[in-house]
Every structure is written in structure tokens, then in C-alpha cells.
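Read the structure below first, then the notes.
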Amino acid sequence: TTAATPLSSLSADDLASRLDDARADYKALQARGLVLDLTRGKPGPDQLDLSEGLLRLPTGHKDSAGVDVRNYGGLEGLTEMRAIFADLLGVDVTNVVCGGNSSLTMMHQVLTALLLKGGPDSPRPWSQEPVVKFVCPVPGYDRHFTMLAEFGIEMLTVPMTPDGPDPVAVRALVADDPTVKGMWIVPTYSNPTGAVCSAEVAAELMAMPTAAPDFRILWDNAYAVHHLTERETKSADALGLAVASGHPNRPIMFASTSKITFAGAGVAALAASTDNKAWYLERLSLASIGPDKVNHLRHVEFFGTADGVRTHMRKHRDLLAPKFEAVDAALSARLGGLGIAEWVAPTGGYFVNLDVMDGTASRVVTLAKEAGIALTPAGAAFPHSKDPNDRNIRLAPSFPALEEVELAMAGVAVCVELAALEKLTS
Ligand code: PLP
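2 is the number of the first residue of the sequence shown in UniProt numbering; add one for each residue after it.
Now the structure itself:
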């Protein structure tokens, strides 16, 4: 047998001897006493170093309009910072709000306000509905799902395709049920599959009829400019498409510089229709007198323009691309052609989505753990952490050094094969 023979076509004897080999490889892996971690989707120290200059900024304390950034005020954020996000997100500056360091916090604020107050076009606050449901493309971002779970919002899953959420499945869920109030989407280089929502799918999502008059698409463009190749894919124009189809208030867009500058001290942004933005600022005005404009100015001085951000992101790409190539190389070397695992080399973002043989993902994670390789718990990318097929594993290669990614992934490949062989011979 060669490495390229699908395991399912092997005889019982061949499978048994292959299992012996995989067990021996696994034992050798354990004997190495590795301590490696592929769980954290955060920038590596070398990436953070790219923004070290921020720590010596700002040099002044006024923006170009003369606003003293040290003082209170300016709830929607510094105009020049808003202009940078507007350019990167392909929206008008008047639609943008810049806030604190976390876009996740802005998503939480929006959801909380929709529940307690309702949106501009809500018949009543969402919390007064008998039940609230959300469409959740899977696999997806675990924190989106835990936020909904915290609020008791029911999650209806739809498959994530390479072009975005399956629009036919979404349409079927939202058309007749007015309690389906919204959906999540990570449109560009999605967490974790790396899928990019096409302009066609985006247009369908913005135009589709919904039974809820206040249906919201929470458009979390966390990886809008996080390209891993020279092809710098543009995100679909969510706000423009929504206006064109007569649903201007449907999308609310989020982004941040968490994986551009400092993950803990970046700038977050929200972009939405005039009505949504006014509604958001009205709520926000009760919670804050203004954002950290010093940090806004620091970022404005550091980047100058949106092109400054694009240039900076190419430096991230140079550090990250080899790690993603190492993941693909390790998986291909051991698992290519075996028919027991599928993955796509992403063209951007922070993750590699690995689908192993059905019913073996938890076993792979356990095997890896017992060999000193920490992986994100199986099922993490599904609502309530339940992957119905126990097949999905999210790999995060950004944080460890390149050699560590290589070592860890060679080990993961052993675990994937061993788990599959255990299952095939049981
Ligand atoms: N949205 C997605 C899809 C993410 O993957 C992450 C971080 O992993 C975030 C949001 C967090 O964003 P922030 O740091 O701006 O709160």
C-alpha cells in the first residue's frame, strides 16, 4: 500500500498492520514530551512587534480638526480613524463609529440593546417576544454562539459553504418565522473555515424576505484585510447591497485592529445605516462620554491612511503565510489521499478548518493532548459546542513559532490517522 491508497479500500489485514504502524508512531510522538499549543487564535509576538511604534505615539494631542483627544467627547470616534475604517470596509465615513478596543463588546452592546429596547424598526423589544432565534452558519466563531446562549437565544444552524452561508437554507429559516430575528456572519476569511462570502450570496442575504421586520445581519468582518496571499480579496458591499434591496437597517458591520496592531489595545469599529448608527449612539451616550481618542490618534499617526494599514498587513502576511503552509504540508504529507481528512488551505484569516473522519474529532483532540499538543476542544465551532458529526477541529497556527507549528502538525496528522484506524478496525 502507498500513502495515497484510501484507508477504506484496505483489507482487514492491511488495516491491522497499518494500525500497528500508527500506534508505534504515536508512541514515538509521546516519547518526545512535546508541549505545544494550537488553540489560540492570537497574533504571535513577532506580529505584535510590528506595531511596537504605537507605544511611542501619539506625538501630539490634537487631530487635524483641532480636537483635543485628551478630553471627553466625540462619541462616534476620531474622524480620521473613522475614515481609515471606512476605506478598509468600503463604506461611507458617516456610517462609521470607532469605539474601544473590542468589536466583540460592540456586538454585545448591540445585541443587549436589541433585546432590551428593540431596534429602529422593531415592533417591541426582542426580549418581549415569546422566543428569539438566530441563524448560525456552522462551523463558526464560538464566542458568537456563547453570547447567544447566554441570552437564551435559540440557534438554528446552516452550512457554511466556500462562498458563505448557504443562502437557500437561510432563506427557508427566515421567510415565515418572525421569531428568527437575526444571523451571524464572518464574511471574509471566516472563523474557522476561511470562506469568503461572495457578492452574490451577500446580495441574496440582504434582499431575502424575512418574516421579522427588524431582522439583523451581524456582519463581523474581523478578518477583512487579513490576507494570506497576494490576492487581496475585497469584502462584499453589505451596506450598499442592503440599501439597494430596500433593507438599509438589516446589516450591522463590525471590525477591529485587534489582529492588525495589538490584540488587547487596538481600535474597534461599527458601521451601519444612518438610523442604526443614531440608535446605537443614543444607547451608547448613556454608557460613555466618549471613547479613548488618544488610542485613535495613536493609530492615525501610526498608519496615516488605509493604505498604511494595507502595507502593514503585508508584513503580517509574511510572518503568517509560512505557518499556514506548514499546516498544509504536514497534513498533506501524512494524510493526503487517505480519505480520512479534509481541509482547505485558507487564503486569509487566522484558522485552518480540519474535518476528520466522522466520529473521531474528540478522539483526535484527546490523543493530541496526551502527546502534549493542545488543540481547541472538538465541537467548539458549533452552538453549545456540539458538532453533530464529531468531525470538526479548528487549528490556530498564528501564535506558536514556525518550528513549533511544524512539530505540532506532524503530531496532529499522526493522531488523525490513528483515530481513523482505530475506528475502521473496531
Ligand atoms: N470576531 C471574530 C470572528 C473573531 O475571530 C475574533 C477574535 O478571535 C473577534 C471577533 C474578536 O474581536 P475583538 O478583539 O475586536 O473583540
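Cβ atoms here follow ideal geometry from the backbone N, Cα and C, with glycine treated the same way.
Measure the C-alpha to C-alpha separation of residue i and residue j and round it to an integer number of angstroms.
i	j	result
Gly360	Ser259	35 Å
Ala176	Thr211	5 Å
Asp164	Ser286	38 Å
Asp26	Asp319	33 Å
Arg315	His228	8 Å
Val226	Gly91	11 Å
Met254	Asp14	56 Å
Ala346	Ala66	45 Å
Val68	Val417	57 Å
Thr377	Ile341	19 Å
Ser386	Arg311	35 Å
Pro168	Val202	6 Å
His62	Val70	6 Å
Thr95	Ala23	59 Å
Tyr190	Cys198	8 Å
Ser18	Met358	19 Å
Arg394	Ser427	Correcting the residue type first, residue 394 is Ile in the shown sequence and not Arg. Whole-angstrom Cα-Cα distance: 22 Å.
Val132	Gly412	45 Å
Phe352	Thr80	32 Å
Ile154	Cys99	27 Å
Pro160	Asp64	45 Å
Gly380	Pro193	12 Å
Tyr224	Glu283	28 Å
Trp127	Gly265	31 Å
Met184	His248	15 Å
Phe400	Gly350	13 Å
Thr3	Thr348	The pLDDT assigned to Thr3 is 49, lower than 50, so where the model puts this residue is not dependable; a value taken from the coordinates is nonetheless given after this. Between Thr3 and Thr348, the C-alpha separation is close to 30 Å.
Ser12	Ala372	29 Å
Val136	Leu219	10 Å
Gln110	Ala362	34 Å
Thr230	Glu130	45 Å
Leu37	Pro44	16 Å
Glu404	Lys370	19 Å
Ala279	Met107	14 Å
Name the DSSP beta bridge partners of residue i, please?
i	result
Leu37	Ile374
Asn296	DSSP lists no partner for Asn296.
Trp344	Leu355
Ala273	Ile253
Glu155	Lys134
His228	Gly349
Gly165	Thr162
Lys63	Asp69
Val139	Pro160
Just checking residue i against ligand 1 - is the residue's beta carbon closer than 7 Å to any of the ligand's heavy atoms?
i	result
Ala381	no
Leu35	no
Val310	no
Val187	yes
Tyr190	no
Gly42	yes
Ser199	no
Ala264	yes
Ser257	yes
residue 429	As shown, the chain starts at 2 and ends at 427. That puts residue 429 outside it, with no answer to give.
Asp38	no
Tyr281	no
Ala239	no
Tyr142	yes
Terminal residues of the continuous alpha helix (DSSP H) containing residue i?
i	result
Ala264	Where Ala264 is concerned, there is no enclosing alpha helix (DSSP H), given that its DSSP letter is neither H nor E.
Val175	Pro168 to Val175
Glu81	Thr80 to Leu90
Leu206	Ala200 to Ala208
Leu242	Ala239 to Ala245
Tyr27	Ala13 to Ala32
Thr113	Ser104 to Leu117
Pro126	Neither: Pro126 is in no alpha helix (DSSP H) and is coded neither H nor E.
From what residue to what residue does the beta strand (DSSP E) around residue i run?
i	result
Gly412	Counting along the chain, Gly412 falls outside any beta strand (DSSP E), though it belongs to the alpha helix (DSSP H) covering Leu403 to Leu425.
Leu396	Asn393 to Leu396
Ala256	Pro252 to Ser257
Gly183	Val181 to Ile186
Leu219	Arg217 to Asp221
Val328	Looking at the DSSP string, Val328 is not in any beta strand (DSSP E); the run it does join, the alpha helix (DSSP H), is Ala307 to Leu336.
Val97	Val97 to Cys99
Answer yes or no: the CB of residue i versus the heavy atoms of ligand 3, is any distance below 7 Å?
i	result
Ser104	Absence of ligand 3 is noted for the structure shown, with ligand 1 being the only ligands found.
Using a beta-carbon distance below 8 Å, is residue i in contact with chain D?
i	result
Trp344	The question asks about chain D, but that chain is absent: this structure has only one protein chain.
Three or more beta-carbon pairs under 8 Å between the stretch 112-129 and the stretch 322-334, yes or no? Here the stretch 112-129 does not lie against the stretch 322-334, with fewer than 3 beta-carbon pairs under 8 Å apart.
Using 8 Å as the threshold, is the stretch 75-85 in touch with the stretch 132-152, meaning 3 or more CB pairs across them? no
Inter-stretch contact (C-beta, 8 Å, three-pair minimum) for the stretch 213-220 and the stretch 297-312: They do not touch, by the three-pair rule.
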